[in-house]
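Trainee: First, the structure itself, so that you have it in front of you.
Residue numbers (the numbering used here): 97 to 434.
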């Protein structure tokens with residue numbers, strides 16, 4: 097039987113260790129990404145997807161009521177997609193109570209909202225009611241803080257179907273709106289036939305009558321505009337019966353002005369989102385000043401009549417339309433009357 101001497105045993109051990117190290121090196125060269133992947137993974141305590149964790153953010157100062165919020169959200173959603181950004185929305189965002197908006201991870205939103213305060217400078221719009229071409233030219237993959245109202249359909253050209261899907265009212269709101277509209281039309285003798293047409297009317301008054309807002313340049317239509325618009329639809333559908341469903345933040349005034357018109361019903365005692373849902377379910381829309389009627393008209397997909405005189409010439413409000421042109425705000429194909 098042969099025995100190893102100390103020298104031969106030591107040499108064997110050195111040979112064995114060298115062989116193991118060499119084999120390890122060869123193996124690791126075949127999977128060079130192992131170390132890199134481990135280093136790039138988020139900590140185990142974070143359940144946030146990697147694509148969201150390291151994505152730059154888009155922030156926006158939301159303000160105003162329902163119609164304004166819808167314009168701002170539509171802009172934020174589309175600009176975030178086009179610039180590869182993660183959109184940040186306010187905590188307990190009002191619109192999520194009404195619409196089936198895309199869902200963002202709540203823990204991701206909560207964790208990253210504070211990052212908005214660190215973004216400087218802010219990107220300000222030049223015209224609240226017109227398209228600002230500088231925004232589509234902004235850099236991709238860079239966090240941005242926007243400030244403005246962004247009341248132009250041009251910001252989401254090509255995304256119309258997606259915006260319509262986002263601004264689909266929640267099922268309980270839609271059900272209530274359909275029930276109300278059905279009840280109203282049945283009361284007026286509507287038969288749900290090709291010979292019957294339903295036209296919505298929205299009248300924005302309220303705060304637009306305040307002295308400071310009048311001086312700013314806001315205008316609300318007078319009664320003759322609504323009568324002219326109603327007559328436009330009666331002539332357009334002269335072989336059919338035309339029914340009108342009206343909503344307003346001053347419904348008593350509207351009833352006094354239009355109460356003697358044929359086939360008209362005045363909605364009252366509804367929250368604004370129910371009124372908007374009801375109006376959007378009508379075939380066509382007569383809109384007033386402001387954004388509430390704009391969205392009701394756009395969501396109806398029918399013929400929309402708008403008031404030609406949206407602002408007082410030479411006013412501050414007039415300057416929110418680029419060169420005084422309202423067509424960045426008014427959707428293509430809509431019909432202006434006075």
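Every residue gets a Cβ at the ideal spot worked out from N, C-alpha and C, and that includes glycine.
1) As a quick exercise: from 313, 178, 371, 288, pick the residue whose alpha carbon is nearest that of residue 412.
2) Give the range of the beta strand (DSSP E) segment to which residue 432 is assigned.
3) Does the distance from the C-beta atom of residue 361 to that of residue 342 stay below 8 angstroms?
4) Span of the alpha helix (DSSP H) holding residue 270?
5) What would DSSP say about residue 412, mapped onto helix, strand or coil?
6) When burial is assigned at 16 or more other CB atoms within 10 Å of the CB, is residue 261 buried or exposed?
7) What's the C-alpha gap between residue 420 and residue 334?
8) Beta carbon of residue 265, beta carbon of residue 194: below 8 angstroms?
9) Which of the three DSSP states, helix, strand or coil, is assigned to residue 174?
10) Give every residue of the same chain whose Cβ lies closer than 6 angstroms to the Cβ of residue 299, excluding the five residues on either side of it in the sequence, and list them in chain order.
11) Where residue 241 and residue 154 are concerned, what is the direct C-alpha to C-alpha distance, given to the nearest angstrom?
12) In this structure, does DSSP put residue 222 in helix, strand or coil?
13) Which residues bound the alpha helix (DSSP H) around residue 321?
14) To which residues does DSSP link residue 153 through a beta bridge?
15) Report back the beta-carbon spacing between residue 370 and residue 297 to the nearest angstrom; my notes put them in contact at under 8 angstroms.
16) Just verifying my parser: in three-state terms, what is the DSSP assignment at residue 202?
17) By the three-class DSSP mapping on this structure, what secondary structure does residue 228 have?
18) Using the C-alpha atoms, what's the distance from residue 176 back to residue 142?
19) Let me confirm a value: residue 317 is counted as buried when at least 16 other C-beta atoms fall within 10 Å, else exposed. Which label applies?
20) Do residue 380 and residue 329 have their C-beta atoms within less than 8 angstroms of each other?
21) Examine the Cβ distances between the stretch 212 to 220 and the stretch 268 to 284 and report whether three or more of them are shorter than 8 angstroms.
Mentor: So, to answer that:
1) 313
2) Counting along the chain, the beta strand (DSSP E) containing residue 432 begins and ends at 431 to 433.
3) yes
4) Run containing residue 270: 267 to 284, per the alpha helix (DSSP H) assignment.
5) coil
6) Residue 261 should be labelled exposed.
7) 35 angstroms
8) At a Cβ-Cβ threshold of 8 angstroms, residue 265 and residue 194 count as neighbours.
9) helix
10) Excluding residues within five positions, the ones whose Cβ falls inside 6 angstroms are 344, 350, 384.
11) 6 angstroms
12) Looking at residue 222 - three-state DSSP - the assignment turns out to be coil, as it is neither helix nor strand.
13) Looking at the DSSP string, the run of the alpha helix (DSSP H) that includes residue 321 is 319 to 332.
14) 182
15) 16 angstroms between Cβ atoms; not a contact.
16) helix
17) coil
18) Any reading at residue 142 is ruled out, since the residue's pLDDT is 37, under 50, leaving its predicted position unreliable.
19) buried
20) yes
21) Counting Cβ pairs under 8 angstroms, fewer than three are found: no touch.
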